[in-house]
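Note that this note's numbering gives residue 124 to position 121 of the sequence shown, counting from 1, and the numbers run on in steps of one.
Backbone N, C-alpha and C fix where the C-beta goes; we use that ideal spot for every residue, glycine too.
Heads up: the structure comes next, in structure tokens.
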Amino acid sequence: MTPGTRVRIAAGTYGAVGSIARLHGTARAPIALVGDGEVVIDAAGKAAGMHLSDPRYVVIEGLAIRNAVPHGLNIDDGGSYDSPASHIVLRDVAFSRIGDGGNNDCLKMSGVDHFYVEGSRFVGCNQGEGIDMVGCHSGVITGNTFTDMPGTAVQTKGGSSDVLIHGNLFLRIGQRAISAGGSTGQPWFRPSDAAREAERIRAIANLIERTGSTPVVFTGCADCVFANNTIVDPGDYVARIVEEHQSRLPGQNGYFINNVIVFESRRLRDFVDIGEGTRPTTFTFGWNLWHALDDERFSGPAYGGGLPGEQRAVVSRDPPLDEWRRPRPESLAIGAGRAVPGGLPGDFERRRYDDPPAIGAFARP
């Protein structure tokens with residue numbers, strides 16, 4: 004295909020697309036694959052739905068991918084680490100029934116820079132991730148829905164950096180909603196000399212309900228921010244700070260701030276899990292609103308393992324929130340937050356936060 008080609012796919016159900024190499028559009032003339040009506044790629048459990056190798060300036064929009072193994076959609080740099088895939092847009096892509104029981108992902112990206120994933124739906128995704136990024140940089144994941152998956156919803160690892168995870172819904176995630184960092188085999192880091200698993204990953208204004216392990220884990224991630232999220236029923240821990248790749252530098256300078264946490268004390272193993280080889284003293288936890296559903300005497304979280312105490316915690320018997328988790332006008336969350344490193348791109352509904360901002364995923368009622 005030449006730059007500017009726009010392929011409109013007629014409504015219908017199709018088999019696996021296979022591997023397509025070197026789709027190269029340009030900034031002014033991207034290549035677009037667009038569903039015209041209800042378009043389903045059904046791989047019948049025999050292949051990946053689609054594999055793009057070394058694409059540049061490509062848009063994929065309005066497709067559903069299902070019954071694919073090992074991954075739903077695989078995008079990579081073709082093994083040429085010095086020339087990443089780049090400028091990829093995915094919009095309104097639905098994934099379901101992906102994988103066959105192994106570490107299979109709905110969307111697998113390796114060596115992809117300048118990417119944008121918006122308005123897509125990730126359901127199931129087997130034992131892998133909804134989105135798994137290895138050595139990906141300068142991307143935005145926004146306005147998506149991740150539901151009913153046994154593993155992790157979004158993972159950024161292998162030298163990934165400068166990724167914004169903003170305004171997404173995470174519901175019934177078996178392990179981690181967001182993994183800022185991870186554990187990557189030495190040959191797969193991009194760049195190969197990356198100091199850490201991840202840097203400058205920012206998770207802002209997401210709504211996270213019913214995770215099994217934790218809403219967020221910082222694992223080998225430096226200068227990473229988890230801010231202004233609304234969390235209901237966090238699982239075993241509200242957050243984890245661990246190291247899963249001992250040969251790279253540990254994470255540091257993380258922020259867990261301006262979040263609303265609605266929880267039951269009896270369901271928590273601890274507030275924060277601190278692993279060996281970490282640098283918890285460099286992390287900032289504070290300006291969070293805590294509501295213990297089962298403990299009227301709760302006065303705020305207690306941290307151990309060298310993690311500094313919570314700063315300016317807001318403790319409330321009732322936040323209060325409406326049925327959509329927005330703060331009501333009388334909520335203590337209004338105006339109780341602090342400035343966020345890197346700024347706030349907007350709330351869950353794309354509204355601007357005030358100064359000082361509200362705590363949680365919503366700027367106002």
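Limits of the unbroken beta strand (DSSP E) element including residue i
| i | result |
| --- | --- |
| serine 56 | 53-56 |
| tryptophan 290 | No beta strand (DSSP E) holds tryptophan 290; DSSP gives it neither H nor E. |
| aspartate 79 | 76-79 |
| alanine 242 | 242-245 |
| histidine 27 | Neither: histidine 27 is in no beta strand (DSSP E) and is coded neither H nor E. |
| methionine 4 | Run containing methionine 4: none; DSSP gives neither H nor E here. |
| arginine 11 | 9-17 |
| valine 235 | 233-235 |
| valine 42 | 34-45 |
| proline 218 | 217-222 |
| alanine 67 | 59-71 |
| aspartate 276 | 275-277 |
| isoleucine 264 | 263-266 |
| tyrosine 370 | With the chain covering only 4 through 368, there is no way to say anything about residue 370. |
| threonine 214 | 210-214 |
| isoleucine 370 | Outside the displayed range of the chain (4 to 368) lies residue 370, so it cannot be described from this structure. |
| phenylalanine 229 | 228-230 |
Chain C within 8 Å of residue i, Cβ atoms only
| i | result |
| --- | --- |
| aspartate 236 | Considering every chain present, this structure includes no chain C. It has just one protein chain. |
Residue i burial status per 10 Å Cβ neighbour count (16 or more: buried)
| i | result |
| --- | --- |
| asparagine 10 | Note that residue 10 corresponds to valine in the displayed sequence, not to asparagine. So valine 10 counts as exposed. |
| glutamate 246 | buried |
| aspartate 80 | buried |
| glutamate 313 | buried |
| lysine 49 | exposed |
| glutamate 132 | buried |
| serine 22 | exposed |
| glutamate 299 | exposed |
| proline 164 | Rather than proline, the amino acid found at residue 164 in this sequence is serine. Buried is the call here. |
| aspartate 135 | buried |
| aspartate 358 | exposed |
| proline 332 | exposed |
| glycine 65 | buried |
| proline 311 | exposed |
| glutamine 391 | Beyond the ends of the chain as shown, which are 4 and 368, falls residue 391; an answer cannot be given. |
| serine 182 | buried |
| glycine 105 | exposed |
| arginine 270 | exposed |
| threonine 5 | exposed |
| serine 268 | exposed |
| threonine 222 | buried |
| glutamate 326 | exposed |
| serine 195 | exposed |
| serine 334 | buried |
| alanine 14 | exposed |
| glutamine 255 | buried |
Cβ separation of residue i and residue j, assumed to be a contact under 8 Å, to the nearest whole Å
| i | j | result |
| --- | --- | --- |
| threonine 217 | aspartate 236 | About 11 Å; that fails the 8 Å criterion. |
| isoleucine 168 | arginine 205 | 7 Å |
| tryptophan 293 | arginine 341 | About 16 Å; that fails the 8 Å criterion. |
| glutamine 200 | glycine 184 | Correcting the residue type first, residue 200 is glutamate in the shown sequence and not glutamine. That pair is a contact at about 4 Å. |
| alanine 336 | proline 330 | 4 Å |
| tyrosine 60 | proline 33 | 4 Å |
| alanine 19 | valine 42 | The pair is not a contact, with the Cβ atoms about 14 Å apart (cut-off 8 Å). |
| alanine 208 | aspartate 350 | 5 Å |
| valine 241 | isoleucine 264 | 6 Å |
| phenylalanine 173 | isoleucine 211 | 4 Å |
| glutamate 154 | tyrosine 119 | Residue identity differs from the one stated: residue 154 is glycine in this sequence, not glutamate. The Cβ separation is near 24 Å, so there is no contact. |
| glycine 122 | aspartate 95 | 5 Å |
| isoleucine 375 | leucine 36 | Limits of the chain in this structure are 4 at one end and 368 at the other, which puts residue 375 out of reach. |
Residue i beta carbon near the ligand MN (any heavy atom closer than 7 Å)
| i | result |
| --- | --- |
| arginine 300 | Among the components modelled here there is no ligand, and therefore nothing to report on the ligand MN. |
Fully enclosed by the segment 146-200, which beta strand (DSSP E) runs are 3 residues long or longer?
-> 148-152, 155-160, 163-169, 172-176, 179-184
With contact counted as at least three CB pairs below 8 Å, one residue from each stretch, are the segment 100-115 and the segment 311-328 in contact?
-> no
So, do the segment 277-285 and the segment 226-236 have three or more beta carbon pairs nearer to each other than 8 Å?
-> no
contact_flag[the segment 298-315, the segment 184-191] where n(CB pairs < 8 Å) is 3 or more = no
Which residue spans inside the segment 88-125 form an unbroken beta strand (DSSP E) run of at least 3?
-> 88-101, 110-113, 115-121
Touch test, the segment 91-109 against the segment 67-83, Cβ-Cβ under 8 Å, three pairs minimum | yes
Inside the segment 314-354 only - alpha helix (DSSP H) runs reaching at least 4 residues | none
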